[in-house]
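K.L.:
Protein chains in written order, with numbering that gives the first Met the number 0: chain A, 0 to 145; chain B, 0 to 254.
Virtual Cβ for every residue (Gly too), placed ideally from N, Cα, C.
Predicted model only: the values in this text are computed from it and were never measured.
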Amino acid sequence: MSPRKKKMLTLALAIAGLGLATALILTAFEKNLMYFYSPSEIAEGKAPDNRPFRIGGMVVKGSVIREKDTLGVWFNLTDYAHERMVYYKGILPDLFREGQGIVAKGGLNETGLFVATEVLAKHDENYMPPEVADALKKSQEYQNSK
Amino acid sequence: MMMMMNLLHKYASLKNFYFLSVKLSRWLVLPFVFTLVYGLIGALWIAPQDYQQGESFRIMYVHVPSAWLSMFVYMNMFGAAILTLIWRVKLSEIVLRACAPLGAIFTFLALITGSIWGKPMWGTWWVWDARLTSELLLLFIYFGIIALFQAIEDRRMAAKACALMTVVGAVNIPIIHYSVQWWSTLHQGPTVSKIGTPSIHLDMLIPLIVMSVAFTLYFIIMCLARIRIGIREYDKNSTWVKNLVTSTLQKEHNQ
Chain A
0 MSPRKKKMLT LALAIAGLGL ATALILTAFE KNLMYFYSPS EIAEGKAPDN RPFRIGGMVV
60 KGSVIREKDT LGVWFNLTDY AHERMVYYKG ILPDLFREGQ GIVAKGGLNE TGLFVATEVL
120 AKHDENYMPP EVADALKKSQ EYQNSK
Chain B
0 MMMMMNLLHK YASLKNFYFL SVKLSRWLVL PFVFTLVYGL IGALWIAPQD YQQGESFRIM
60 YVHVPSAWLS MFVYMNMFGA AILTLIWRVK LSEIVLRACA PLGAIFTFLA LITGSIWGKP
120 MWGTWWVWDA RLTSELLLLF IYFGIIALFQ AIEDRRMAAK ACALMTVVGA VNIPIIHYSV
180 QWWSTLHQGP TVSKIGTPSI HLDMLIPLIV MSVAFTLYFI IMCLARIRIG IREYDKNSTW
240 VKNLVTSTLQ KEHNQ
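1. Alpha carbon to alpha carbon, what distance is there between B/T34 and B/P64?
2. Are there 16 or more other CB atoms within 10 angstroms of the CB of B/H62, so buried, or fewer, so exposed?
3. Assuming B/Y50 and B/T106 make a contact with CB atoms under 8 Å, what is their CB distance in whole Å?
4. Strictly by DSSP, which residues pair up with A/Y36?
5. In angstroms, rounded to a whole number, what distance separates the CA positions of A/G111 and A/G44?
6. I'd like to know if A/L17 contacts chain B, where contact means its C-beta is closer than 8 Å to some C-beta of that chain.
7. For A/T21 and B/V166, I'd like the C-alpha separation in whole angstroms.
8. Please list, in chain order, the chain A residues whose beta carbon lies closer than 7 Å to that of B/S183.
9. Is A/D48 buried or exposed, if buried means 16 or more other CB atoms sit within 10 Å of its CB?
10. By the criterion of Cβ-Cβ separation under 8 Å, what are the contact partners of B/L84 in chain A?
11. Under 8 Å, do B/L68 and B/A79 count as touching if we go by C-beta distance?
12. So the beta strand (DSSP E) A/W73 belongs to, where does it begin and stop?
13. What are the start and end residues of the beta strand (DSSP E) that includes A/E117?
14. Counting only runs of 3+ residues fully inside the stretch 23 to 81 of chain B, write out the beta strand (DSSP E) ranges in chain order.
15. Is A/V85 close to chain B, meaning its C-beta is less than 8 Å from at least one C-beta of that chain?
16. Starting from A/A80 and walking both ways along the beta strand (DSSP E), at which residues does that stretch end?
17. Comparing alpha-carbon positions, which option in B/D153, B/I145, B/T112 lies nearest B/E134?
18. Would B/F139 be called buried (16 or more neighbouring beta carbons within 10 Å of its own) or exposed?
19. By Cβ distance below 6 Å, which residues in the same chain neighbour B/S211 in space, the five residues on each side in sequence not counted?
20. Apart from the five residues just before and just after A/V102, which ones in its own chain have a Cβ nearer than 6 Å to its Cβ?
21. Tell me, please, whether the CB atom of B/H121 is closer than 8 Å to any CB atom in chain A?
22. Helix, strand or coil: which one does DSSP assign to A/R65?
23. What do you reckon, is the C-beta of A/E124 under 7 Å from a heavy atom of the ligand GDP?
24. For the alpha helix (DSSP H) holding B/I93, just list the boundary residues, first then last.
25. Quick one: give me the first and last residue of the beta strand (DSSP E) that A/V102 is part of.
26. Run through chain B and tell me which residues come within less than 7 Å of A/A132, C-beta to C-beta.
27. Compare the C-beta of B/D128 with all C-beta atoms of chain A and state if any pair is closer than 8 Å.
28. Along chain B, in chain order, which residues have C-beta atoms closer than 8 Å to that of A/T21?
29. Spatial neighbours of B/I199 within its chain, please: CB distance less than 8 Å, with the 5 preceding and 5 following residues excluded, ordered by chain position.
30. Quick one: what does DSSP say A/K45 is sitting in, helix, strand or coil?
31. If you measure beta-carbon to beta-carbon, which residues of the stretch 48 to 82 of chain B are closer than 8 Å to chain A?
32. Checking contacts by CB at 8 Å: is B/M203 closer than that to chain A?
33. Could you run through the stretch 103 to 131 of chain A and flag, in chain order, every residue whose CB is less than 9 Å away from some CB of chain B?
34. Check the Cβ of A/L94 against every Cβ in chain B and list those closer than 9 Å, keeping chain order.
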């Protein structure tokens, strides 16, 4: 084997080994890299109960209730399979609205209510002018009404 | 194979590449200025506002090209690192050294613009989700490579060590790219590179592509300039570099 080929082989082996090591580490860390849990995963008991975690989902339309005279707000989050009620007291991000995807940090209380200490809005990967969004919405409503 | 090696040697000859890069840079300046101006006009005026994010989404036109280049530069360095480690090509060592600070700048820009975008839209400057964390790791990898270049006295030894580090750090690149699909992250999924049609309006997409081209051209021009400095340093004892320096000095003297 020529020295150059030997070098190539060593390098290829090193890269393969490194890739394998990374794959193993990533699998081990998968749970920690999970930024948020869906309401379904929480219903299945996958969320940790000893430390704060994040919940992610869509704000259910018509579920937002604001507390009188305080910043408190209740709303339901859904992943279209399960729903979870969330309570948060504080300033909501501008993008927070019904139907919007959000991520909240906090934990479950005894009654199963998710008490949030932080609410972040998650926006999707779609970009379009408002007119197009309106047209899309209308055509969808039309489809649904048929 | 033989022919390829010959070609490689011809263009990898420092002197030939030096003069080739001077010509190439001149040709690239006009396309760069054109794409930048057109891209900015498209980004700031032609593109309509977004249905969700209003005007704020326009920061995308700096954020996305920066993020794209932060990875593109690294892939170039990966190629140069392989050439350095296996064939000991001198030019690739210079390319590696020239690329690292540029990559760091684009990564920094991507992180900063992302942060500025994150505050009004998500409600936070920073979160430790997989996409943001892996991009921050990329910045540290760039810093590490730059530091390693500075730390080792012998240029060729330094290049070899940095090449090795570049190869090791390359595992982070697919992680950055797929992070939004492998894990649930606050950062949204891919818009342009997703399978099928991009989920972005055409009037918004075109300026984004043009801006990405402008950023890429900027990188190439800057990188070539840095490579030329590197070549002069490597070959500083050769006659052609000495002649080049004397003729430049004379020209300046005559002006």
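P.N.:
Once the coordinates are examined:
1. 13 Å
2. buried
3. With a Cβ gap of about 30 Å, B/Y50 and B/T106 do not count as contacting.
4. A/I54
5. 11 Å
6. yes
7. 13 Å
8. M33, Y34, F35, G55
9. exposed
10. K6, L10
11. no
12. 71 to 77
13. 113 to 121
14. none
15. no
16. Unbroken run through A/A80: none, as it is neither H nor E.
17. B/T112
18. exposed
19. P64, W67
20. F35, R53, G55, L119, K121
21. The sequence shown places Trp at residue 121 of chain B, not His. Judged by the 8 Å Cβ criterion, B/W121 is in contact with chain A.
22. strand
23. The ligand GDP is not part of the structure shown, which contains no ligands of any sort.
24. 89 to 120
25. 100 to 107
26. Y50
27. yes
28. V170, I174
29. T190, V191, L207
30. coil
31. Q48, D49, Y50, Q51, Q52, F56, M59, I81
32. yes
33. E117, V118, L119, A120, K121, H122, D123, E124, N125, Y126, M127, P128, P129, E130, V131
34. Q51, Q52, P119, M120, W121, G122
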